[in-house]
Amino acid sequence: MNPDREPDPELDLTISRVIAAPRQNVWDAWADPRNLEQWWIPAPAKCRVLDLELTPGGAFRTEMSTDGEDFQPHLDACILGVEDGRRIAFTTGLNGAWRPTVDGLVMTAVITMSDHPEGTSYEAIVMHANSAERDRHDKLGFEDGWGTAIRQLGELVG
Amino acid sequence: MILSLMAEYSQNLNALFQALGDPTRRGVIARLSRGPASVSDLAAPFEMALPSFMKHIRQLEQSGWISTRKTGRVRTCAIDADRFAEAQGWLESQRLVWEQRTDRLERFVTENKEKQ
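Sequence order for the protein chains is A and B.
Residues in the first sequence are numbered from 1128 upward in steps of one, following our numbering.
Residues in the second sequence are numbered from 1494 upward in steps of one, following our numbering.
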């Protein structure tokens, strides 16, 4: 893991937040599967954590259900690196059994928590491959000028 | 499987774009971007009979730009943030997913703290 690499604005996202709670609480919300289930997926859908093996090469698998009974696969990822209490990195470029993935949205996420005077400084860096998923989206009408109109509307909404 | 998903996705986007091809509907979306509003408030700036205006509202609703809810005699319209993100672009839709995920984490952690 090389956390010092510059993000690519075309492909990567950075979410930064100061959360008004101690770092240990934020870590526990991530690292305890029973906690993660409470916020990982938007309600009313239900989340079930199958694996959350916080060690390099560990499996990270979740399922979701819209009715609370019938669960479907949600995330099948591989843990890349863990720094206890501070950092979790995982990728969907390999599934939890290390099989390389090509379908769907392939990403690598690096979650970092550090102490902050008001609680915890929380950062999620999400990196995407220059993937078919992205190209597909772009082919569906973003070359013909609609993109500009929608961006302008986006500025109004944002 | 992938192809049928693509077709569905493409259809959704076509409906979104078609809905934007009219100044009245764009005006309605711009107004709703500042918050929900009733149909009569939305109609006020436009010199148009209410039935004609309602056609625009229905088209926006069918395309997924807005949702409407009727309470008594007032129909309130609101913009649909998920569809908006979808139309905005691939990376923006992922940003929304992660921002909302972080919102939920933040809520979970701070509400838990209050209980302790």
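The beta-carbon is built from N, C-alpha and C at its ideal position, and this holds for glycine as well.
Boundaries (first-last residue) of the beta strand (DSSP E) holding residue i
| i | result |
| --- | --- |
| B/Ser1545 | From DSSP, B/Ser1545 is part of no beta strand (DSSP E) but of the alpha helix (DSSP H) over Leu1543 to Ser1556. |
| A/Pro1136 | Counting along the chain, A/Pro1136 falls outside any beta strand (DSSP E), and DSSP gives it neither H nor E. |
| A/Glu1210 | Gln1199 to Glu1210 |
| A/Phe1187 | Ala1186 to Ser1192 |
Residue i at chain B interface by Cβ criterion, 9 Å
| i | result |
| --- | --- |
| A/Pro1244 | no |
| A/Trp1157 | yes |
| A/Ala1147 | yes |
| A/Asn1222 | no |
| A/Pro1169 | yes |
| A/Glu1137 | yes |
| A/Leu1202 | no |
| A/Leu1207 | no |
| A/Leu1232 | yes |
| A/Pro1134 | no |
Residue i at chain A interface by Cβ criterion, 9 Å
| i | result |
| --- | --- |
| B/Val1611 | Nothing about residue 1611 of chain B can be read from this structure; chain B reaches only from 1494 to 1609. |
| B/Gln1593 | yes |
| B/Leu1584 | yes |
Within chain B, the residues that residue i reaches when beta carbons sit closer than 8 Å
| i | result |
| --- | --- |
| A/Ala1216 | Per Cβ cutoff of 8 Å: no residues; A/Ala1216 is ~15 Å from chain B at best. |
| A/Trp1166 | Arg1594, Arg1597, Leu1598, Arg1600 and Phe1601 |
Extent of the continuous alpha helix (DSSP H) to which residue i belongs
| i | result |
| --- | --- |
| B/Arg1518 | Pro1516 to Leu1525 |
| B/Leu1535 | Val1532 to Ala1536 |
| A/Ala1156 | Arg1150 to Ala1158 |
Under 7 Å from the C-beta of residue i: neighbouring residues of chain A
| i | result |
| --- | --- |
| B/Glu1554 | Neighbours of B/Glu1554 on chain A: none; closest Cβ ~17 Å, over 7 Å. |
As assigned by DSSP and simplified to three states, the class of residue i
| i | result |
| --- | --- |
| B/Phe1601 | helix |
| A/Leu1232 | coil |
| A/Arg1213 | coil |
| B/Arg1568 | strand |
| A/Asp1178 | strand |
Identified DSSP bridge partners for residue i
| i | result |
| --- | --- |
| A/Glu1250 | A/Ser1143 and A/Thr1239 |
| A/Leu1221 | A/Pro1227 |
| B/Ser1560 | B/Ala1571 |
Contact set between residue i and chain A, taken where Cβ atoms lie within less than 9 Å
| i | result |
| --- | --- |
| B/Arg1588 | Leu1140, Ile1142 and Val1253 |
Contact list for residue i against chain B, beta-carbon separation under 7 Å
| i | result |
| --- | --- |
| A/Asp1153 | The displayed chain sequence assigns Val, not Asp, to residue 1153 of chain A. Residues of chain B passing the Cβ test: Val1602. |
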